[in-house]
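> Residue numbers (the working numbering): 219 to 444. Glycine residues also receive a C-beta, built at the ideal position from the N, C-alpha and C atoms. None of the values given here were measured: they were computed from a predicted structure. Mind looking over this structure? Questions follow.
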């Protein structure tokens, strides 16, 4: 009974904070992109803004669908992924704070921080696959993905804060004119597009990198047969 209670109790503790963070990110993004009818004037017919919104919506659905009754392997993967994801998220937040478009001067620092976050995903995958009660390579991949998702939500929150700060002083009282600046490539619009693309990269590419790193680290640690 104690084991069952623990299994049903641990996952909600992990789910709820990140579900709330994903919803908060999605809400903040929607508020930042007002007026919504003008989003279509952004590059790609508005896909620059739609992509991170869709990714956040998928995150919310995935977290809601996570089963509260998990076996030991997936439970450990989520626990390890959360811990390592928080560390990786700090690196992504630092990357957001360091980078200012164009990022030519801070490019190497940003790359180092991103690589550090990727390595943490790999380490998480290694621990998930080969730690106590580890479930092998599949659990390593799951751990790497959850680590990246955790970090991505934190990094996206930092991105949205940057967007809010950069738009603290509106260019015009007419919202249409702010988006109209895209035609002449104003610095404010270029910054908005840069940060929206950054959020999409965190949310979409991040889990792919996390799963890949988890796979590589888990496989490299497999015992070799003589």
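Can you tell me which of the three DSSP states residue 246 falls into?
Start at 1 with the first residue of the chain shown, and residue 246 comes out as number 28. Residue 246 falls in the helix class under three-state DSSP.
> Assuming contact is defined by CB atoms lying nearer than 8 angstroms, are residue 257 and residue 267 in contact in what I supplied?
Translated into the one-based positions of the chain shown, residue 257 becomes position 39. Translated into the one-based positions of the chain shown, residue 267 becomes position 49. Contact: yes.
> For residue 424, which of 412, 283, 336, 406 has the nearest alpha-carbon?
Residue mapping note: residue 424 aligns to position 206 of the chain shown, counting from 1. With distances taken between Cα atoms, residue 424 lies closest to 336.
> Please name the residue in 340, 355, 233, 366 whose C-alpha comes closest to that of residue 307.
Position 89 of the chain shown, counting from 1, holds the residue named residue 307. When each option's Cα is compared against that of residue 307, the closest is 366.
> Got a sec, what are the start and stop residues for the alpha helix (DSSP H) residue 267 sits in?
Taking the chain shown and counting its residues from 1, one reaches residue 267 at position 49. Looking at the DSSP string, the run of the alpha helix (DSSP H) that includes residue 267 is 265–283.
> Can you look up residue 345 in the DSSP assignment and give me helix, strand or coil?
The residue labelled residue 345 in the question sits at position 127 within the chain shown. It is helical.
> For the alpha helix (DSSP H) containing residue 425, list its first residue and its last residue.
As a working mapping, residue 425 is identified with position 207 in the chain shown. First-last of the alpha helix (DSSP H) with residue 425: 424–438.
> Which residue's Cα is closest to the Cα of residue 417: 273, 327, 331, 437?
Numbered from 1 along the chain shown, position 199 holds the residue referred to as residue 417. Comparing Cα-Cα distances from residue 417 to each of 273, 327, 331, 437, the minimum goes to 273.
> Could you pull the start and end residues of the alpha helix (DSSP H) that residue 405 belongs to?
Counting from one through the chain shown, the residue named residue 405 turns up at place 187. Start and end: 405–418.
> Is it true that the region 297–313 meets the region 357–374, where meeting means three or more beta-carbon pairs spaced less than 8 angstroms apart?
With a cut-off of 8 angstroms, the region 357–374 and the region 297–313 count as touching, because enough Cβ pairs lie within range.
> What does the alpha-carbon distance come out to for the pair residue 299 and residue 413?
Within the chain shown, residue 299 is the residue found at index 81, counting from 1. Within the chain shown, residue 413 is the residue found at index 195, counting from 1. So the alpha carbons of these two residues sit roughly 25 angstroms apart.
> Measuring only the C-alpha atoms, how far is residue 430 from residue 362?
Here residue 430 refers to the residue found at position 212 when the chain shown is read from its first residue. Here residue 362 refers to the residue found at position 144 when the chain shown is read from its first residue. Near 8 angstroms, if we compare the C-alpha coordinates of residue 362 and residue 430.
> Quick one: Cα of residue 402 to Cα of residue 436, how far?
As a working mapping, residue 402 is identified with position 184 in the chain shown. As a working mapping, residue 436 is identified with position 218 in the chain shown. Residue placement at residue 402 is poorly supported in this model, since its pLDDT is 45, which falls under 50; the coordinates are not used for a value here.
> Using the C-alpha atoms, what's the distance from residue 355 back to residue 420?
Reading the chain shown from its first residue, position 202 is the one you call residue 420. Reading the chain shown from its first residue, position 137 is the one you call residue 355. C-alpha separation (whole angstroms): 24 angstroms.
> What does the Cβ neighbour count give for residue 276, buried or exposed, with the cut at 16 atoms within 10 Å?
On the chain shown, position 58 is the one that residue 276 refers to. The residue in question, residue 276, is exposed, as its Cβ has fewer than 16 Cβ neighbours within 10 Å.
> Return helix, strand or coil for residue 360, following the three-state DSSP convention.
Here residue 360 refers to the residue found at position 142 of the chain shown. In this structure, residue 360 counts as helix in the three-state DSSP scheme.
> Mind checking residue 339: buried by the 16 CB within 10 Å criterion, or exposed?
On the chain shown, position 121 is the one that residue 339 refers to. The residue is buried, with at least 16 neighbouring Cβ atoms inside 10 Å.
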